[in-house]
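Report on the following structure.
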């Protein structure tokens, strides 16, 4: 029997959709002249959505005929997605304006992409999960392609689109196989059917393979990482920042919903697959990053290695492991925001600070921002007392707890290899002669917030207890 | 009997789908796509999903394909360089595909899909679908409509540009005068030229 859904749970999504339509109309009727208004309204929308989510923390449950779930995990992830996107739009506004890319359409796509991420986070049904993912991906493809005069950007968009479509097809195929066996698309019923059924394990894991390919692609885990360096490199830096930060949080939600809440009974099957993905990602990401001269490309490979680390927590299959992965994801988003924020800050009209040598001698003219960059690089390398260290420590501890020592050893060795290329950036900033004049043209608001963002990496490294506690409450 | 018909349609479907990606001529590929849609509609009919079958024919074969043919005919693509690497990579591709198929067969050698097909007696398929779509599945349905909106926004963002638009101003068109458009040029005919040269 049909029950009227509890609309209140979906208030953030409904508000965001309504505002997206308002912004779309504003763009259509004011054109390019009032793009500042569009920007302001988008920021206001994201902030109010974050407030709505914040106020509704606490109660939860299933609604919309079990296609939608609101729990503490969804509250936390949605809140961080909205706040991360506020920062993304803030950091990128000056960059976009200088390159005539500050069009209303960018903000419309950004808001719709945020909506897609929120839908993914709250999905409790294969259909909603897939539709949310497609909504997000479609916006991202268009964003990468927006700089149409740039051949690199167009190529990146093409690659992203085609590989993304194949990966979505794989994901859908896996979902259809699992539907064929369990007879349901709702994650709760799938989980019940999987725990009841006997003898179907082979074919279930057959479907699982395709699900993991889809997830691996969206994360950019090796061997499904081919698109990631090209897209990060080719897209305008503002778009790269957008792709790199919040969608990874949404992908984490997809991973948890599908594997942990849907198919936890197949843990022994997906654990092996995730071990492969994690180990390969850490090795390939960290080793190939050494050879890069372009900072955006280097950060892309560093993202691949971070993905390997965050998969480690999930593959352990314990509550502590999931919490560690969640902690890692949030810290990763914070560090990525800072790193690409720095590239955006140092770029100006006609000049992209995207090569490592562009950072040469940064400490001479901009000692404060060189310090900030140093904090970020140390944190990404996993050096105490920064947040990146605790994130790595927690995931490694979670695999040691389930006796996967070899995985932990690979993680430690590759993170030592990885430290080399992070330290090279620091060396270049402090010990080399500057090639260009480093000037910062961004407004003081952007400078202050970027500094606060990076200092948060330090702060969370000194006092990680609070966030760690929140992360572990979510999975109890 | 039903099995034979199913396998016949399935074979045609696979054949058409393969042809879509292998034929050289894009128009022919589009026509094979029509065949693929039609046969999958027929398979749906066998599952007693009449409404889905008809909407597949109406929506895809009708609207989408006409659009597709338009695109194909308007884009002037030289296909030869696109397919240059095809034969070079074909053996490797076939080996990989054969391996994957063999793996799939070894994994799935037992029939394990055992959901009983449940056709509800005395209920119209279309009515059931409509009822579900606007009640139980209203949330995914709404998301799908948002995706379509985004598709339009993305398409317009990528194709519309201020300076490449061809705008017509009827006022200017009406106010144009003969002197602005027509220029009389005095051309001597070739015959006169010839005569002058001879003389």
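Residue numbers (this note's numbering), protein chains in the order written: chain A, 1 to 476; chain B, 1001 to 1199.
Every residue gets a Cβ at the ideal spot worked out from N, C-alpha and C, and that includes glycine.
C-alpha of residue 1123/B to C-alpha of residue 1008/B: approximately 29 Å in a straight line. When C-beta distances to chain B are compared with 8 Å, the residues of the stretch 52 to 81 of chain A below that value are 64, 65, 67, 68, in chain order. Interface annotation, residue 1158/B: in contact with chain A, CB-CB separation under 8 Å. With fewer than 16 other CB atoms across the displayed protein chains lying within 10 angstroms of its CB, residue 1025/B is exposed. Below the 7 Å Cβ cutoff, chain A contributes 64, 67, 68, 128 as neighbours of residue 1139/B, in chain order.
Proximity of residue 1150/B to chain A, defined by a Cβ-Cβ separation below 8 Å, is satisfied. Given a length threshold of 4 residues, each whole run of the alpha helix (DSSP H) inside the stretch 310 to 389 of chain A is given here in chain order: 319 to 346, 362 to 365, 367 to 381.
Residue contact with chain A for residue 1135/B: present (Cβ-Cβ distance below 8 Å to some residue of chain A). Note that the C-beta distance between residue 232/A and residue 297/A is below 8 Å. Nearest in C-alpha terms to residue 299/A, of all of 285/A, 262/A, 66/A, is 285/A.
Between residue 49/A and the set 114/A, 198/A, 311/A, the nearest pair of CA atoms involves 114/A. In the structure shown, the three-state DSSP call for residue 220/A is coil.
For residue 349/A, the closest C-alpha among the options 51/A, 54/A, 93/A, 2/A is that of 93/A. With a threshold of 16 other beta carbon atoms within 10 Å, residue 270/A meets it and is buried. In the DSSP annotation of this structure, residue 293/A is not part of any beta strand (DSSP E), being labelled neither H nor E.
If you draw a 10 Å sphere on the C-beta of residue 1195/B, you find fewer than 16 other C-beta atoms in it, and that means exposed. Of all C-beta pairs linking the stretch 241 to 249 of chain A to the stretch 338 to 348 of chain A, three or more are shorter than 8 Å, placing the two stretches in contact.
Note that the C-beta distance between residue 326/A and residue 471/A is below 8 Å.
Taking 8 Å as the cut-off, the Cβ atoms of residue 396/A and residue 454/A do not count as close.
Within its own chain, the residues whose Cβ lies closer than 6 Å to the Cβ of residue 438/A, once the five positions on either side in sequence are excluded, are 362, 365, 366, listed in chain order.
Contacts with chain B at 8 Å (Cβ-Cβ) include residue 108/A.
Of all alpha-carbon atoms in 163/A, 313/A, 290/A, the one lying nearest the alpha-carbon of residue 302/A is that of 290/A.
When C-beta atoms of the stretch 217 to 237 of chain A are compared with those of the stretch 302 to 312 of chain A, three or more pairs fall below 8 Å, so the two segments count as touching.
In this structure, 8/A is the residue among 85/A, 22/A, 8/A with its C-alpha nearest to the C-alpha of residue 58/A. For residue 1139/B, the enclosing alpha helix (DSSP H) covers residues 1138 to 1159. Counting only residues of its own chain and dropping the five nearest sequence neighbours on each side, residue 1027/B has a CB closer than 8 Å to the CB of 1069, 1072, 1073. For residue 174/A, the number of other beta carbons within 10 angstroms of its own is at least 16, and it is reported as buried.
Contact with chain B is found for residue 119/A, since one of that chain's Cβ atoms lies less than 8 Å from the residue's Cβ. Selection 133/A, 176/A, 119/A, 211/A evaluated against residue 77/A yields 119/A as nearest (Cα-Cα). For residue 40/A, the uninterrupted alpha helix (DSSP H) segment begins and ends at 35 to 55. In this structure, DSSP gives residue 110/A a helical state, which the three-state scheme calls helix.
Distance between residue 388/A and residue 159/A, taken at the CA atoms: about 31 Å.
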